[in-house]
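Protein chains in written order, with our numbering: chain E, 2 to 323; chain X, 45 to 429.
The beta carbon of each residue, even a glycine, is placed where N, CA and C say it ideally should be.
Quantities reported herein were computed from a predicted structural model and do not represent experimental measurements.
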Amino acid sequence: MEATIVEAINDALHEEMGNDDRTLVFGEDVAQSGGVFRATEGLLDEYGGDRVLDTPLSEIGIVGAAVGLATYGYRPIAEIQFSGFLPPAFDQLVTNASRIRWRTRGELTAPMTVRTPYGAGVRALEHHSESLEAAYAHIPGLKVAVPSTPHDAKGMLISAVRDPDPVLFMEPKHVYRSFREEVPEGTYTEPLGKAAVREEGEDVTVVAWGAMMHKTREAVDALDDVDVELVDLRSISPLDRETVVESVKKTGRCVVVHEAPKTGGFAGELIATINDEALMYLEAPVNRVTGFDVPVPLLAMEDFYIPQPPRIEEAIRETVDY
Amino acid sequence: MSEDLRPLTAGSVDADVETLSEADVDVGIHRILEPDGTYDPDAVPDVDDETLRDLYRWMVLQRVVDERATKLQRRGRLGTYASGRGQEASIVGSGFALDDADRVFPYGREAATLLIHGLSLRDLLLYWRGIEDASKMEGVNAFGVAISIGSHIPVAAGTAWGMKLDGADAVAFANLGDGATSTGAFHEGINFAGVIDAPAVFFTQNNQYAISLSFDGQTAADSVAQKAVGYGIDGIRVDGNDVLAVYEAVSAARDRALAGNPVLVEAVTYRRAAHTTSDDPNRYRDDEEVEEWAERDPLERYREFLRAEGLYDDIDEEALREEVDEMFDEAVDAADDFAEREVSEIFEHLHAETPPELRRQFDEFEDLLERRPDMYDYIERRPKG
Ligand SMILES: Cc1ncc(C[n+]2csc(CCOP(=O)(O)OP(=O)(O)O)c2C)c(N)n1
Numbered sequence: 002m003e004a005t006i007v008e009a010i011n012d013a014l015h016e017e018m019g020n021d022d023r024t025l026v027f028g029e030d031v032a033q034s035g036g037v038f039r040a041t042e043g044l045l046d047e048y049g050g051d052r053v054l055d056t057p058l059s060e061i062g063i064v065g066a067a068v069g070l071a072t073y074g075y076r077p078i079a080e081i082q083f084s085g086f087l088p089p090a091f092d093q094l095v096t097n098a099s100r101i102r103w104r105t106r107g108e109l110t111a112p113m114t115v116r117t118p119y120g121a122g123v124r125a126l127e128h129h130s131e132s133l134e135a136a137y138a139h140i141p142g143l144k145v146a147v148p149s150t151p152h153d154a155k156g157m158l159i160s161a162v163r164d165p166d167p168v169l170f171m172e173p174k175h176v177y178r179s180f181r182e183e184v185p186e187g188t189y190t191e192p193l194g195k196a197a198v199r200e201e202g203e204d205v206t207v208v209a210w211g212a213m214m215h216k217t218r219e220a221v222d223a224l225d226d227v228d229v230e231l232v233d234l235r236s237i238s239p240l241d242r243e244t245v246v247e248s249v250k251k252t253g254r255c256v257v258v259h260e261a262p263k264t265g266g267f268a269g270e271l272i273a274t275i276n277d278e279a280l281m282y283l284e285a286p287v288n289r290v291t292g293f294d295v296p297v298p299l300l301a302m303e304d305f306y307i308p309q310p311p312r313i314e315e316a317i318r319e320t321v322d323y
Numbered sequence: 045m046s047e048d049l050r051p052l053t054a055g056s057v058d059a060d061v062e063t064l065s066e067a068d069v070d071v072g073i074h075r076i077l078e079p080d081g082t083y084d085p086d087a088v089p090d091v092d093d094e095t096l097r098d099l100y101r102w103m104v105l106q107r108v109v110d111e112r113a114t115k116l117q118r119r120g121r122l123g124t125y126a127s128g129r130g131q132e133a134s135i136v137g138s139g140f141a142l143d144d145a146d147r148v149f150p151y152g153r154e155a156a157t158l159l160i161h162g163l164s165l166r167d168l169l170l171y172w173r174g175i176e177d178a179s180k181m182e183g184v185n186a187f188g189v190a191i192s193i194g195s196h197i198p199v200a201a202g203t204a205w206g207m208k209l210d211g212a213d214a215v216a217f218a219n220l221g222d223g224a225t226s227t228g229a230f231h232e233g234i235n236f237a238g239v240i241d242a243p244a245v246f247f248t249q250n251n252q253y254a255i256s257l258s259f260d261g262q263t264a265a266d267s268v269a270q271k272a273v274g275y276g277i278d279g280i281r282v283d284g285n286d287v288l289a290v291y292e293a294v295s296a297a298r299d300r301a302l303a304g305n306p307v308l309v310e311a312v313t314y315r316r317a318a319h320t321t322s323d324d325p326n327r328y329r330d331d332e333e334v335e336e337w338a339e340r341d342p343l344e345r346y347r348e349f350l351r352a353e354g355l356y357d358d359i360d361e362e363a364l365r366e367e368v369d370e371m372f373d374e375a376v377d378a379a380d381d382f383a384e385r386e387v388s389e390i391f392e393h394l395h396a397e398t399p400p401e402l403r404r405q406f407d408e409f410e411d412l413l414e415r416r417p418d419m420y421d422y423i424e425r426r427p428k429g
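Take a look at the structure:
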């Protein structure tokens, strides 16, 4: 079937709700109205009000309850309506979700998934556009996944739901509906913690994820004379060091693209990893194209904030010509 | 303790234990104008006729602004907009009870409260066009709009604390929805205000919905007002479609707050429009319910009162609407004329002094914009700003 990212997510939720009757879906507006982005459409009709719930406006409650359910043997799939509203629940992710296995020496585990649309580019109000993946990746014990295609969105979400540990599943809402691709029917999984090489190339490795994958691809397509190896990171944590490092060893050059602010952004971790494991292969310093060290501007200026293809092109060229 | 001292099974012992339930809390509703238009003349607040007429004028303004702004959004000339249709009595009645020295903590649906408090209509439009400058709230004693629901409630408590320390003759006034009462910030903020005897008024417009969630899914409690009891502060429940009752209730709450008793006010009302311009309320509520509340329309109810008092004859409804329309047109023109935003503005105002790294990011970006004019093809600036 041909599906957009948001349809693929909906399909994955239908699959897992059907596959395991201990899965629950809950969050603000997810049941009766099918979610503000329609990601949970149809679930209430099919699985009923005991398993598909509209919760109070309560992010701490949603994520904290997911921990309670998960440690009690359920498989909660919680939605946080926009990632900008996850900060109140940051405490639950840090204090409980991510460390419960460690704290109880394996006695309790929290197999829970928190889905949340993230990123800029949809002309939303304040607090609706942040991408704080690096902050969540900094929490030991929490997996952070970011699909960029419908195929991956479905397969990785099913993996997330089945994962024995908590997963934060960040959905690039800017490309929720921007394109379709073939998505297999039925259940399949795509691994977490595994990057994907989208295009093989010899001259330079470019690493991106989420909506930036698509901006990057556009930049790469415009650079006919540069042979780019395009790596879609897909999981921020755990990090697939091997795919990145092997690629950089092959090309000798690397550019990282992300939408989050530069300082403390995940590009920093990738660059450190490359320094650790492939320094002697580098023919140029690792470059990065990122958002700026400011909050995402309101809608009139947000497109200036987002790394656009010409900026990415320039960085790639600079790295290749170094 | 030895093993055999532990009870082996949980069971019921036959004991008479008193429980406290919400039935023990008597929550009446303050109202002056009955839904059928009748009222007790002695209960009408003692304000001059012009004020009584102004309350009406401001409700009309709120309604026209909502209608026009919604249309503007449809034409792509405004971003997402949140209408206050149906809530005019709560919005205007509360706004009228405030003093200029009071600091308002808005949450987005209450245009008239901010306009009464001094915001320009142009800036209100600029805000919904996503232009940062409008968040300055120029000339208005107001905090920024709390888009993250509930986030402003503890902040209002803190400001009220400062007002108390200063001996200021002012309160912090936080506007919120029923949805906000489920956030942790609400509970922490209200509890905090209670403990420090902060001059704060927490004004909840219970419009029955938080996007698609109806009030009974939001809380198991029968009312928001009763929650005050648990925190040891005062609670007031008021008919939110009765502008006189709201005006009176918030005035009373303000007085109580100034005396060191923070107040949680619940205005019981109804959001007749969609949650915002990007919402479709047909997915979660039926026409019948909307109709039912349309019959309790705050403007109609108040118009009946003004008629009965012989005050409506002085109001030319058509001219009034035209006047607001004109104001709106002028505000749109002024918003259109607002200077184009410069790239520099996204780098400004984050720090008192821009750190070198951020300055470097700006310089590099400016340089790129010069070298790659095609950047502008990727940078759309819609709606107009
Ligand atoms: C912390 C947080 N969570 C979720 C949202 C998304 N959201 C925006 S408005 C809203 C409902 C708010 O309901 P209520 O507080 O009753 O105010 P109303 O819109 O009904 O006036 C939700 C869930 C948000 N803005 N902030």
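Determine the DSSP secondary structure at Pro79/X, reduced to helix, strand or coil.
-> By 1-based counting over the second sequence, the position of residue 79/X is 35. It is coil, neither helix nor strand.
Using DSSP with H/G/I as helix, E/B as strand and the rest coil, what is Ser160/E?
-> Position 159 of the first sequence, counted from the start, is the residue given in the question as residue 160/E. Residue state, collapsed to three classes: helix.
Answer with yes or no whether the minimum CB distance from Tyr306/E to chain X is below 8 Å.
-> Position 305 of the first sequence, counting from 1, holds the residue named residue 306/E. Yes, its Cβ sits closer than 8 Å to a Cβ of chain X.
Contact list for Asp418/X against chain E, beta-carbon separation under 8 Å | The residue you call residue 418/X lines up with position 374 of the second sequence. Chain-order list of chain E residues neighbouring Asp418/X: Pro311, by C-beta distance under 8 Å.
For Phe230/X, which of helix, strand or coil comes out of DSSP?
-> Looking up residue 230/X in the second sequence gives position 186. Here Phe230/X sits in helix by DSSP.
Please find out if some non-hydrogen atom of ligand 1 comes closer than 7 Å to the beta-carbon of Glu29/E.
-> Position 28 of the first sequence, counted from the start, is the residue given in the question as residue 29/E. Yes, Cβ of Glu29/E sits closer than 7 Å to a heavy atom of ligand 1.
Is DSSP giving Ser236/E helix, strand or coil here?
-> Mapped onto the first sequence, residue 236/E falls at position 235. It is a strand residue.
For a contact meaning CB atoms closer than 7 Å, what does Ala301/E contact in chain X?
-> For the purposes of this step, residue 301/E is taken as residue 300 along the first sequence, with counting starting at 1. Under the 7 Å cutoff, chain X gives Arg173, Gly174, Ile175, Arg385, Arg425 and Gly429.
Report the rounded CA-to-CA distance for Thr150/E versus Met213/E, giving the unit in angstroms.
-> Numbered from 1 along the first sequence, position 149 holds the residue referred to as residue 150/E. Numbered from 1 along the first sequence, position 212 holds the residue referred to as residue 213/E. Spanning the two alpha carbons is a distance of roughly 11 Å.
Would the C-beta of Ala338/X count as close to ligand 1, meaning under 7 Å from any of its heavy atoms?
-> Here the question's residue 338/X lines up with position 294 in the second sequence. The answer is no for Ala338/X.
Sorry if obvious, but does the Cβ on Gln249/X come closer than 7 Å to a heavy atom of ligand 1?
-> Position 205 of the second sequence holds residue 249/X. Answer for Gln249/X: yes, Cβ within range of ligand 1.
Drop a sphere of 10 angstroms on the beta-carbon of His395/X, count the other beta-carbons inside from all chains shown, and report buried for 16 or more, exposed for fewer.
-> For the purposes of this step, residue 395/X is taken as the residue at position 351 of the second sequence. When all chains shown are included, His395/X counts as exposed.
Give the interface partners of Ala254/X over in chain E, defined as CB-CB distance under 7 Å, in chain order.
-> Numbered from 1 along the second sequence, position 210 holds the residue referred to as residue 254/X. In chain order: Leu58.
Mark Met1/E as exposed unless 16 or more other C-beta atoms lie within 10 angstroms of its C-beta, in which case mark it buried.
-> What the structure shows of chain E is the stretch from 2 to 323, and residue 1/E is not part of that stretch, so it cannot be assessed.
Would you identify the three-state DSSP class for Phe236/X, choosing helix, strand or coil?
-> In the second sequence, the residue the question calls residue 236/X occupies position 192. Helix.
Is any heavy atom in ligand 1 found nearer than 7 Å to the beta carbon of Leu220/X?
-> As a working note, residue 220/X is residue 176 in the second sequence. Yes, since a heavy atom of ligand 1 falls inside the 7 Å radius drawn around the Cβ of Leu220/X.
With 8 Å as the threshold, decide whether the Cβ of Phe349/X is near any Cβ in chain E.
-> Locating residue 349/X in the second sequence gives position 305, where the first residue counts as 1. For Phe349/X, the answer is no, since every Cβ of chain E falls outside 8 Å of its Cβ.
Three-state secondary structure (DSSP) of Ala145/X | Position 101 of the second sequence, counted from the start, is the residue given in the question as residue 145/X. Coil, per DSSP.
Beta-carbon proximity of Asp358/X to Arg101/X, cut-off 8 Å = As a position in the second sequence, residue 358/X is number 314, starting the count at 1. As a position in the second sequence, residue 101/X is number 57, starting the count at 1. Cβ atoms of Asp358/X and Arg101/X: not closer than 8 Å.
Given a limit of 7 Å on CB to CB distance, which residues of the segment 78-109 of chain E reach chain X?
-> Per Cβ criterion, the list reads Gly85, Phe86 and Pro89.
In angstroms with no decimal places, state the Cα-to-Cα distance between Ser84/E and Asp166/E.
-> Against the first sequence, residue 84/E aligns to sequence position 83. Against the first sequence, residue 166/E aligns to sequence position 165. Each residue's Cα considered, the two are about 20 Å apart.
Of the residues Glu303/E, Asp277/E, Ile272/E and Met302/E, the one placed nearest Asn288/E, counting alpha carbons only | For this step, residue 288/E is matched to residue 287 along the first sequence. Residue Ile272/E is the option with its Cα nearest to Asn288/E.
Does any residue of chain E bring its CB to less than 8 Å from the CB of Leu402/X?
-> Position 358 of the second sequence, counted from the first residue, corresponds to residue 402/X. Yes, because at least one Cβ of chain E sits closer than 8 Å to the Cβ of Leu402/X.
Chain C within 8 Å of Arg289/E, Cβ atoms only = Judged by its chain identifiers, the structure shown contains no chain C, and its protein chains are E and X.
His319/X beta carbon near ligand 1 (any heavy atom closer than 7 Å) | Locating residue 319/X in the second sequence gives position 275, where the first residue counts as 1. For ligand 1, a non-hydrogen atom lies closer than 7 Å to the CB of His319/X.
So does the segment 213-221 of chain X actually touch the segment 148-161 of chain X, counting three or more Cβ pairs closer than 8 Å?
-> Contact holds: three or more Cβ-Cβ distances are below 8 Å.
Return the Cβ separation of Arg315/X and Tyr253/X in integer angstroms, given the expectation that the two are a contact with Cβ distance under 8 Å.
-> One-based indexing of the second sequence puts residue 315/X at position 271. One-based indexing of the second sequence puts residue 253/X at position 209. Their Cβ separation, rounded to whole angstroms, is 6 Å, which keeps Arg315/X and Tyr253/X in contact under 8 Å.
Return helix, strand or coil for Asn288/E, following the three-state DSSP convention.
-> For the purposes of this step, residue 288/E is taken as the residue at position 287 of the first sequence. In this structure, Asn288/E counts as strand in the three-state DSSP scheme.
When the Cβ atoms of the segment 40-57 of chain E are set against those of the segment 6-20 of chain E, are three or more pairs found closer than 8 Å?
-> Result yes; three or more Cβ-Cβ pairs closer than 8 Å.
Within this structure, are the beta carbons of Ile76/X and Ala289/X separated by less than 8 Å?
-> Reading the second sequence from its first residue, position 32 is the one you call residue 76/X. Reading the second sequence from its first residue, position 245 is the one you call residue 289/X. Yes, they are a contact pair.
To the nearest angstrom, report how far apart Tyr171/X and Gly188/X are at their CA atoms.
-> What you label residue 171/X is simply residue 127 of the second sequence in a count that begins at 1. What you label residue 188/X is simply residue 144 of the second sequence in a count that begins at 1. One C-alpha to the other measures close to 10 Å.
Helix, strand or coil: how does DSSP classify Leu402/X here?
-> Start at 1 with the first residue of the second sequence, and residue 402/X comes out as number 358. If DSSP states are grouped into helix, strand and coil, Leu402/X belongs with the helices.
Opening and closing residue of the alpha helix (DSSP H) in which Asn250/X lies | Taking the first residue of the second sequence as 1, we reach residue 250/X at position 206. Looking at the DSSP string, Asn250/X is not in any alpha helix (DSSP H); the run it does join, the beta strand (DSSP E), is Ala244 to Asn250.
Going by other Cβ atoms of all chains shown within 10 Å of its Cβ, with 16 needed for buried, is Val57/X buried or exposed?
-> On the second sequence, residue 57/X is found 13 positions in, with the first residue counted as 1. By the 10 Å Cβ count, Val57/X comes out exposed.
Consider the C-beta atom of Thr114/X and the heavy atoms of ligand 1; say whether any pair is separated by less than 7 Å.
-> For the purposes of this step, residue 114/X is taken as residue 70 along the second sequence, with counting starting at 1. No.
Cα separation between Ala154/E and Glu176/X?
-> Residue mapping note: residue 154/E aligns to position 153 of the first sequence, counting from 1. Residue mapping note: residue 176/X aligns to position 132 of the second sequence, counting from 1. Rounded to whole angstroms, Ala154/E to Glu176/X spans 34 Å at the Cα level.
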